[in-house]
Amino acid sequence: MGRRILLTYGVLGFAFLYLPIAFLVLFSFNDYIIPSLPFRGFTLKWYRELGYDFVLHEALYNSLFIAAWTTVVSTVLGTLAAFPLVRCTFRFKQTGQLLVILPMIIPHFLMGVALLLFFAFVKMPLSRLTIILGHVVFTLPFAVLIVSTRLYGFDRTLERAAGDLGANPARTFWHVTLPLILPGVVGAALLVFTLSMDEFLITYFVSGQKGTLTMYIWSLLKDGIAPRVNALASVLLGGSFVLLLIGAWVLDRGKGGQSKRAAAS
Amino acid sequence: MTASLPADTATAATVVQRRVAAPSAARAGDPPAVELRGVTKRFGTTTALESIDLTIAKGEFFSLLGPSGCGKTTTLNLIGGFESTSSGTLLIDGQPVQDIPAHARPVNTVFQSYALFPHMSVADNVEFGLRMKGVPKAERRRAALEMLKMVSLAGYEDRRPSQLSGGQRQRVALARALVNRPAVLLLDEPLGALDLKLRKQMQLELTRLQRQVGITFVYVTHDQEEALAMSDRIAVMDHGRILQIGTPAEIYGAPANRGVMEFIGSVNALEGRIASIGAGRATVTLEGVGPMAAHTEAPAAVGDAVAVLVRPERIRMSATAPAANAPSLAGTLEKIAPLGFVTHCTVQLSNQAEVLVFRLNNPDGSGSEIFAEGQRVFLWWDYSDGRMFPANTRIDSIGTPQAASALSGDRHDGALGST
């Protein structure tokens, strides 16, 4: 009896989380211009329509371009920042860690305004570059956090052993440290990419002429909910899910993989 | 096994010759493998090593033995290049190495935690050092396989370290270090994480391997039995100083001071005053009990307060008093504890002090006399077995918890407890 209540409770909880998304995906296949029940029939025409939309294509290209650069910059900077924040002892270390994490909890709306004011102040024209900079600011804490968790569990004797066996510090990093924290770095990169692709508010403030995918969807919504938006959102959703799954898999493999391999043999 | 080592210096000397002659291929004129001259290491205001002098010959199995915090690991880290000396000279193969970083020294280390690279196969682990030196792939693979064979791990080359047992990881760590043919191999308590049986087995294998490859081993341990069993020579350390350097037989049989004697093996300490002395032989009166035999190389005079330290296995026990005018102590046999090949007997003297006596359970070892708990016994020993040191010179961290007149039976796990 108690189990049944718990089960119902669980199902309701997941329904609350995922039902709206399920409807979104469902209506993207609905053969009717207005996304409402009842279901009129299965169609892929909204997906086909995406293929003819050249504005959409440019927005997608912009988004991928921005996300790719954000990923590279954020992951590299985040990895570099994680090392001193985890390993070194210095004055105000905790303050430093807090300041690195802080952009995570600053509302994107405020950050967007702040960035816009800043770019205006330094007379930097709004472009894809400003969007990338904005995205780096809000994704960096995620990258630092994920790489840090890897570094906290890192046995530094391994680096000593590499040095003992004749590897200089650079080769020690390349052959020992980097391979061992790689799951963290890859996980960070995937998360940063996803966050950047989905970002809207900051992008909206600092984008200038170049629209991204999220901004394009926003513009479509102004004329009511077009079925095309459902199709596009479904595609984006699928892409994000795949990336997150890969990320989770890579992170898990890095953590538990050793024991799993041991058990398998 | 320590109990069976000869304790008198004459026998010890022959053992010394045998052991030193055996492993070393060093020719006269070769520089020593490692030499420390007045090496001091400070961490902030604390001194970890105080002006250490140490010479380790080529091909030697040398142990640094002492309690935790004695400076043995610091010494190892200095040789390995993981720490830098505060002052003094450190030579490896005759070359000063103070300014050479760890990765450029002809030294390899076996870490206590093994520190195998978890993302590499066993073979890749073993090859790592040669790879860093730029040895071609085929050649280094061959060397790695050969070395794995030497440590009895042929066929394991494609496994991951996580798929190996503790003992196997230990061997991989050894192979990974030895394949580089270092001038010196440093071992930091490498058997500490293994269970007792495996540890014994690895002790034998390590000594065999060392003879086979002829590489100088510097071995850090706090386990005196391990050091005695494996080493050509041992440096006993405490509080950042070296108390004594010598062969296992010398360290055990002729300890340079009370600290060494109390750290190595089991020991009874009885404090009294010198009643008579001549030519290093003394009779020491244990107040209210009787006279004891003792000897010393240091100058001493009648009336001096001294401690007589005697190994439990060197004490003779009988229900009848020894021959006339031989010093002996009378007491009550409190407890007989048979521990397999040896029996631990606790004798309470009339001043309440307890003396531990080991009797080997064979007819030659301790005679066939049968004892019963509660009976009156006499204890005596040869002059050469009672080592006399000035009273109150004990070094606290290294010795037994007992302070003054006698040693009770509760800390005799040293020499034999692990057998």
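Protein chains in written order, with this note's numbering: chain Y, 1 to 265; chain P, 1001 to 1419.
For each residue, glycine too, the CB sits at the ideal point set by N, CA and C.
About 6 Å separates the CB atoms of Gly-184(Y) and Thr-149(Y); that is less than 8 Å, so the two are in contact. Contacts with chain P at 9 Å (Cβ-Cβ) include Val-176(Y). For Gln-1348(P), the pairing in a beta bridge is given by DSSP as Thr-1332(P) and Glu-1354(P). Cα atoms of Gly-1214(P) and Lys-1058(P): separation of roughly 8 Å, rounded to the nearest angstrom.
Here Tyr-216(Y) is buried. Its C-beta has 16 or more other C-beta atoms within 10 Å. Counting other Cβ atoms within 10 Å of its Cβ, Val-55(Y) stays below 16 and is therefore classed as exposed.
By the rule that beta-carbons nearer than 9 Å mark a contact, Arg-150(Y) does not touch chain P. Assigned with DSSP and collapsed to three states, Trp-1381(P) falls in coil, not helix or strand.
For Tyr-1252(P), the uninterrupted alpha helix (DSSP H) segment begins and ends at 1248-1253. By the Cβ-count criterion, Asp-1158(P) is exposed, with fewer than 16 other Cβ atoms from all chains shown falling within 10 Å of its own Cβ. The continuous stretches of beta strand (DSSP E) do not include Met-124(Y), and DSSP gives it neither H nor E. Scanning chain Y for C-beta atoms nearer than 8 Å to the C-beta of Lys-1072(P) yields nothing, as the closest lies near 17 Å away. Under the Cβ criterion of 9 Å, Phe-1082(P) is counted among the residues facing chain Y.
With contact defined as three or more Cβ pairs closer than 8 Å, the stretch 1377-1384 of chain P and the stretch 1320-1329 of chain P are in contact. The stretch 122-129 of chain Y and the stretch 1069-1088 of chain P do not touch, with fewer than three beta-carbon pairs separated by less than 8 Å. Using a CB distance below 8 Å, the part of the stretch 152-166 of chain Y facing chain P consists of Asp-155, Thr-157, Leu-158, Arg-160, Ala-161, Ala-162, Gly-163, Asp-164, Leu-165 and Gly-166, ordered along the chain.
The distance from the Cβ of Leu-1076(P) to that of Leu-1064(P) is about 7 Å, consistent with a contact at the 8 Å cut-off. Considering only beta carbons, the part of the stretch 172-196 of chain Y lying closer than 7 Å to chain P consists of Val-176, Pro-179 and Leu-180, in chain order. Residue pairing of Lys-1041(P) in beta bridges, as defined by DSSP: Leu-1049(P). Within the stretch 1104-1125 of chain P, the residues whose Cβ lies closer than 7 Å to any Cβ of chain Y are, in chain order, Asn-1108, Thr-1109, Phe-1111, Ser-1113, Ala-1115, Phe-1117, Pro-1118 and His-1119. Within chain Y, no C-beta atom comes nearer than 9 Å to that of Met-1261(P); the closest sits roughly 35 Å away.
One thing to note: Thr-203(Y) has its Cβ within 9 Å of the Cβ of Gly-112(Y).
Rounded to whole angstroms, Gly-134(Y) and Leu-140(Y) show a C-alpha spacing of 10 Å. Neighbours of Ala-1102(P) in chain Y, taken as residues at a C-beta separation under 7 Å, are given in chain order as Gly-163 and Asp-164. In the three-state scheme derived from DSSP, where H, G and I count as helix and E and B as strand, Asp-1195(P) is classed as coil. Ala-1293(P) is the residue among Gly-1069(P), Ala-1293(P) and Leu-1194(P) whose C-alpha sits nearest the C-alpha of Glu-1271(P). Cβ contact annotation for Leu-116(Y) (same chain, cutoff 7 Å, sequence separation greater than five): Phe-205 and Val-206, in chain order. According to DSSP, residue pairing for Pro-1182(P) in a beta bridge does not occur. Counting along the chain, the unbroken alpha helix (DSSP H) around Asp-1124(P) starts and ends at 1122-1133. Nearest to Val-1236(P) by alpha-carbon distance, out of Asp-1053(P), Asp-1030(P) and Arg-1042(P), is Asp-1053(P).
Between Ala-143(Y) and Val-86(Y), the beta carbon gap of about 13 Å keeps them out of contact (Cβ cut-off 8 Å). Beta-bridge pairing by DSSP links His-1295(P) to Arg-1281(P) and Arg-1387(P). Distances from the CA of Trp-218(Y) to each of Phe-200(Y), Ser-234(Y) and Gly-208(Y) were compared; the closest alpha carbon is that of Phe-200(Y).
Among the bridge pairs identified by DSSP, Thr-1221(P) is matched with Leu-1065(P). Contact with chain P is absent for Asn-62(Y), since none of that chain's Cβ atoms lies less than 9 Å from the residue's Cβ.
Checking the DSSP bridge columns, you'll see Met-1237(P) partnered with Ile-1242(P).
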